[in-house]
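Encoded as C-alpha cells, the structure appears first; notes follow it.
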Amino acid sequence: MAVLATLCLSPALAATPEQDFAARCAAAGVVKCVGFDNTTTDIVRGQNLSADGQGQYRARLDQSMKASGAGSLVFELPPPPHAGANIAGNWYTTGPTGMGAMFSENSTFYVQFRMRLSPEMLNNSWDSFWKTILFHYNTQTCGSIELATVNQYLSGRPFMYTDCGARHMTTTLDGSRPTMDTPLLLQQGDFKCQYGQVNAQTCLFFVPNEWVTFYYKVHVGTWDQPNSMIEAWISREGSSQYQQWIRVPNFSLSCNTDPCSQQPGKSQGYNNLTITPYMTSLSPSSGKAGMVSRIWFDELIVSTQPIAAPGAGVAVADTLPPAAPTGIRAQ
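Going by the numbering used here, the residue at position 10 of the sequence shown is 3; the numbering climbs one at a time, nothing skipped.
Pasting the structure below:
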C-alpha cells in the first residue's frame, strides 16, 4: 500500500519595508547605513545636522512621512524672507571615514538613498536651484573631490557636476567620452537627454509625492587620468528595477591638493557626504510668498559592493510551522 500526500506549505513572506532595508544594510560590503529614525544618532543637531544661514534648524525627524522605520529626514524650505543660499541647513558625515571608508585612487564606492519631494519643491520660483547630495573630501563640499547632484537651473531634471560646477557629467552623443562641447548628452544610459532637445520621452525628471531611490557607482581611477567612471540610476516607487541616467566613462577625477601624484593629494579621496537643499547665491527675498517646500530623505547606504534596489528579491521565511498534510489517500 502506498501513501500519496499533498503537502500544503506556507510560501515565503514578502519582506516589510523595514526588513527589506535591514537586508540591504546587512549585505556584503556595506560600510554605512542610516535609517533616519531617531534624534539620538541619526539626526542630531550640531553633530550631523546644521542650521540654516540664520541659525534656525529647518531640518528634523519626520515620523509621519517615511520609506521605512520610525521616520525620515525632512528639510522644510521657508518662504521669503529667508536665510538665502543656506536656506534649510544640511545633514552631513564627518571624520576621515565619515562615509564608512576613504575612497581614493583605484577604488569603487556605491551610495543609495530614498528621496521624496513635495510639489512645492518643483513649483517654486527661486532665483537659484537646489542640490540634493554631495560626495566630497573632509568638510570641503566645493572642490575637485566633489560630486554633486542638483536640480539644474530649476528645470526639474537631475544633473551632476564636479569642481564646484566647473565640469559636468555630460558626454558625447554616443556616450563614449566626457565633453562639455555641444552636441552632448545631459543624461545617458537609459535616458538619452540631448542638450537643446530636452523632453519627457528622453530625459529623466524629478517627480513629487513619491519615494524615488537614487543609486550611484563611482570608480575612482588614477588622479588626473581619464580612467574614472561615474554612474547613477533611479528606481521609481513600487519598482525593483534600476534605470540609469548617468554614465560617464573615461573621466579625469582629481584630488584637492596639486600635484596629485604626491602627498597629501595622492591619498585624498571621497570620505564624506552632505545632504542639503543648498542653493548657491539664492536671494533672501526669492521664492513664492507663503509657500513652504519640503524634501525628505531616508534609507542611506554606502557600500563597496553593488546595492540591490528596494524590493529586489528580498524575502523573509515564514516562521510558522507547516500545515498538516492534506489530501492523504491509501492505495
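For each residue, glycine too, the CB sits at the ideal point set by N, CA and C.
If you follow the alpha helix (DSSP H) that residue i is in, where does it begin and where does it stop?
i      : result
Met114 : Pro112 to Asn116
From which residue to which residue does the beta strand (DSSP E) around residue i run?
i      : result
Phe152 : Pro151 to Thr155
Thr273 : Per DSSP, Thr273 belongs to no beta strand (DSSP E) and is neither H nor E.
Glu224 : Pro219 to Ser228
Val211 : Val205 to Val213
Ser286 : Ser286 to Ser296
Leu268 : For the sequence presented, residue 268 should be read as Ile rather than Leu. From DSSP, the beta strand (DSSP E) with Ile268 extends over Asn265 to Ile268.
Asn83  : Asn83 to Tyr85
Arg51  : No beta strand (DSSP E) holds Arg51; DSSP gives it neither H nor E.
Gln327 : There is simply no residue 327 to check, as the chain begins at -6 and stops at 324 in what is shown.
For residue i, does the three-state DSSP call read helix, strand or coil?
i       : result
Asp13   : helix
Ser121  : coil
Gln145  : helix
Lys25   : strand
Cys253  : coil
Cys196  : coil
Ser61   : coil
Ser43   : strand
Ser260  : helix
Cys248  : coil
Cys135  : coil
Met(-6) : Only weak support is given to the placement of Met(-6): the predicted model assigns it a pLDDT of 37, under 50, and the question is left unresolved by the model.
Just to confirm my understanding: we take residue i, look at its own chain, exclude 5 residues before and 5 after, and list those with CB closer than 6 Å. What are they?
i      : result
Phe344 : There is no way to answer for residue 344, as the model of the chain reaches only from -6 to 324.
Ser296 : Gly22, Val23 and Tyr103
Ser233 : Ala302, Gly304 and Ala305
Thr155 : Glu139 and Leu140
Asp183 : Gln236 and Gln237
Tyr209 : Val104 and Ala225
Closest by CA to residue i, which one among the options?
i      : options                           : result
Ile126 : Ser296, Cys248 and Ile288         : Ile288
Pro252 : Met114, Ile227, Gly231 and Trp216 : Trp216
Thr86  : Asn41, Arg53 and Thr32            : Asn41
Gly82  : Pro89, Ser57 and Tyr50            : Tyr50
Gln145 : Leu70, Thr273, Thr132 and Gly91   : Thr273
Met162 : Gly93, Gly214 and Ala225          : Ala225
Arg150 : Phe128, Lys124 and Ala78          : Lys124
Starting from the C-beta of residue i, find all residues in its chain whose C-beta is less than 7 Å away, skip the five residues before and the five after it, and write them out in chain order.
i      : result
Ser260 : Ser97
Ala60  : Pro10, Arg107, Trp204, Asp291 and Glu292
Thr164 : Arg170, Pro171, Thr172, Leu177, Leu178, Gln181 and Val241
Pro74  : Pro277 and Ser278
Arg17  : Ile294, Ile300 and Ala301
Enumerate in chain order the residues of its own chain whose CB-to-CB distance from residue i is below 8 Å, with the five nearest sequence positions on each side excluded.
i      : result
Gly283 : Pro72
Asn31  : Leu54, Ala63 and Gly64
Asn249 : Tyr130, Gln133, Gly136, Ser137, Ile138, Gly258 and Gln261
| said: Whether or not the segment 295 to 305 and the segment 168 to 179 are in contact is what I'm after, with contact meaning three or more pairs of Cβ atoms, one per stretch, closer than 8 Å; do they touch? | reply: At 8 Å Cβ cutoff, the stretches do not touch.
| said: Quick test of the definition: if touching needs 3 or more C-beta pairs under 8 Å, does the segment 282 to 298 touch the segment 98 to 115? | reply: Cβ pair count under 8 Å is three or more, so yes.
| task | Answer yes if the segment 198 to 216 comes into contact with the segment 265 to 272, meaning at least three C-beta pairs across the two stretches below 8 Å, and no otherwise. | result | Proximity of the segment 265 to 272 to the segment 198 to 216 falls short of the contact definition, fewer than three beta-carbon pairs being nearer than 8 Å.
| Are three or more beta carbon pairs between the segment 233 to 246 and the segment 112 to 123 nearer than 8 Å? | Remark: fewer than three beta-carbon pairs, one from each stretch, lie closer than 8 Å, so the segment 233 to 246 and the segment 112 to 123 are not flagged as touching.
| Is the number of C-beta pairs between the segment 275 to 284 and the segment 130 to 145 that are closer than 8 Å three or more? | Touching, no.
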